[in-house]
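Counted the way UniProt numbering counts, the sequence shown spans residues 1 to 361.
Backbone N, C-alpha and C fix where the C-beta goes; we use that ideal spot for every residue, glycine too.
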Amino acid sequence: MVRVYLHEVTKIFGKNVVALDKVELEVRSGEFMVVMGPSGHGKTTLLRVVAGLEEPTDGEVWIGDTLVASPRKGIFIPPKDRNVGMVFQNWALYPHMKVFDNIAFPLRIKKLPKSEIEKKVREIAEVLGIAETLDRYPRQLSGGQQQRVAIARALVKEPQVLLMDEPFSNLDARIRVTARAFVKDIQKKLGITTILVTHDPADALTLADRIAVLRRGVIQQIGLPSEIYDKPVNVFVANFIGDINLFDGSIVGKGNEVYFDGGDVKVQLPQNINVQGNGSVILGIRPEDVVLSKEVISNNNDLIYVGKGTVEISEFAGGKFNVMVKLQSTEVKVVSSTSFGLGEPVHVYFNSRKIKIFDKQ
Ligand code: ADP
Ligand code: MG
Numbered sequence: 001m002v003r004v005y006l007h008e009v010t011k012i013f014g015k016n017v018v019a020l021d022k023v024e025l026e027v028r029s030g031e032f033m034v035v036m037g038p039s040g041h042g043k044t045t046l047l048r049v050v051a052g053l054e055e056p057t058d059g060e061v062w063i064g065d066t067l068v069a070s071p072r073k074g075i076f077i078p079p080k081d082r083n084v085g086m087v088f089q090n091w092a093l094y095p096h097m098k099v100f101d102n103i104a105f106p107l108r109i110k111k112l113p114k115s116e117i118e119k120k121v122r123e124i125a126e127v128l129g130i131a132e133t134l135d136r137y138p139r140q141l142s143g144g145q146q147q148r149v150a151i152a153r154a155l156v157k158e159p160q161v162l163l164m165d166e167p168f169s170n171l172d173a174r175i176r177v178t179a180r181a182f183v184k185d186i187q188k189k190l191g192i193t194t195i196l197v198t199h200d201p202a203d204a205l206t207l208a209d210r211i212a213v214l215r216r217g218v219i220q221q222i223g224l225p226s227e228i229y230d231k232p233v234n235v236f237v238a239n240f241i242g243d244i245n246l247f248d249g250s251i252v253g254k255g256n257e258v259y260f261d262g263g264d265v266k267v268q269l270p271q272n273i274n275v276q277g278n279g280s281v282i283l284g285i286r287p288e289d290v291v292l293s294k295e296v297i298s299n300n301n302d303l304i305y306v307g308k309g310t311v312e313i314s315e316f317a318g319g320k321f322n323v324m325v326k327l328q329s330t331e332v333k334v335v336s337s338t339s340f341g342l343g344e345p346v347h348v349y350f351n352s353r354k355i356k357i358f359d360k361q
């Protein structure tokens, strides 16, 4: 397997649509990298640049030891010579071709002998569990099966790199879970270097070895799913990967006594939190990192007291409760394992290890 390396890749459409802005991304050999970002922020462009369907405006694209694109050096290797398989967002199956012919298509372009095509198509169909569908047309398949056909077609020529563009967006929520597990399993089995792009944090958190977060064509952060979730570098990343309470305020005090003062939400910060100056900041805490208790909790050093609040909403969400607590006039979202009565007074704590302080941008 090979690594994929984008070095300061910029792609500008027309005069000034900057789809990718100095993207620096190394996908290790055999790694499953998920690039995540909102719609229109450059995800598809990134994949197309790797596949060779777009030429970067600047920067370098490496696949293994081969420089496949570098405008400055006048290098551009076309898609067919890149040994990359791509699964498009809409799967792009040929409706008038049977499944067999859809999968065989890339091999026929390569002009492989008929017997070899037959063998390879049947092999990959077996691996993906769609051997019994080879004689059918795409419209006769379920969404999940159609997706597997698209994946089979991308994999049949044994590419070194697999690119997947929002592969689950056409599947309904229930199939999505199975489809994700399937994609993860295939990727691990084949050990193929993979880049999957998505706007769905659930895809990223469940599939990725590492996640790269893209905002307006700029990589914000690259890290393990747990790092992106627990140590996001800014409010954008924090908000995008999962639900979070955000409070405006400022840092006051110094030495051992540093506080976040956000009016209704005032907490003493743990000493390991790195804050500079007395500037205005944003405090972030995820709903599951807020603890509610009817009694005062005195025996837990990880919890920081925030204040007394009142339960406004408490709804059952399957094995947990989504609770809204009001601290004076500030609402705090909480995910709790126990239920609370409406109007009930509670003590509110934050898990000190999970408090995030962001610069105001
Ligand atoms: P995403 O996949 O994250 O939704 P895209 O990579 O498709 O985002 O698009 C990024 C930006 O580049 C958008 O502003 C989009 O309108 C623009 N863009 C993408 N492809 C083209 C193109 N062929 N011509 C002009 N603008 C484009
Ligand atoms: Mg896209």
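Closer than 6 Å: residue i CB and nearest the ligand MG heavy atom
i     : result
Thr44 : yes
Span separating the alpha-carbon of residue i from that of residue j
i           : j      : result
Gly343      : Asn239 : 28 Å
Ala181      : Gln147 : 13 Å
Trp62       : Ser70  : 9 Å
Ile273      : Arg353 : 9 Å
Ile313      : Asn83  : 54 Å
residue 362 : Glu158 : Absent from the structure is residue 362, since the part of the chain shown begins at 1 and ends at 361.
Leu141      : Leu107 : 22 Å
Glu54       : Arg48  : 5 Å
Asp172      : Asn300 : 43 Å
Identity of the residues DSSP links to residue i by a beta bridge
i      : result
Arg210 : Met33
Arg180 : Partner(s): none; Arg180 has no beta bridge.
Ser357 : The sequence shown places Ile at residue 357, rather than the Ser named in the question. Leu283, per the DSSP bridge assignment.
Leu292 : Val348
His7   : Glu60
Residue i vs residue j beta-carbon contact at 7 Å
i      : j      : result
Leu25  : Lys11  : no
Asp261 : Gly249 : yes
Leu134 : Phe88  : no
Val265 : Tyr259 : no
Pro287 : Val335 : yes
Leu327 : Gly307 : yes
Val346 : Leu292 : yes
Val127 : Leu93  : no
Leu162 : Ile192 : yes
Residue i Cβ short of 6 Å to the ligand ADP heavy atom set
i           : result
Ala19       : yes
Phe13       : yes
Gly59       : no
residue 362 : Missing from the structure shown is residue 362; the chain here goes from 1 to 361 and no further.
Three-way DSSP call (helix, strand, coil) for residue i in this model
i      : result
Asp302 : coil
Phe76  : strand
Lys119 : helix
Asn239 : helix
Asn339 : Per the sequence shown, the amino acid found at residue 339 is Ser instead of Asn. Residue state, collapsed to three classes: coil.
Tyr94  : coil
Gly52  : coil
Asn102 : helix
Ser226 : helix
Ala202 : helix
Lys15  : coil
Ile251 : strand
Arg215 : strand
Gln145 : helix
Any non-hydrogen atom of the ligand NAP closer than 6 Å to residue i Cβ
i      : result
Ala181 : Summarising the ligand content, the structure contains the ligand ADP and the ligand MG and does not contain the ligand NAP.
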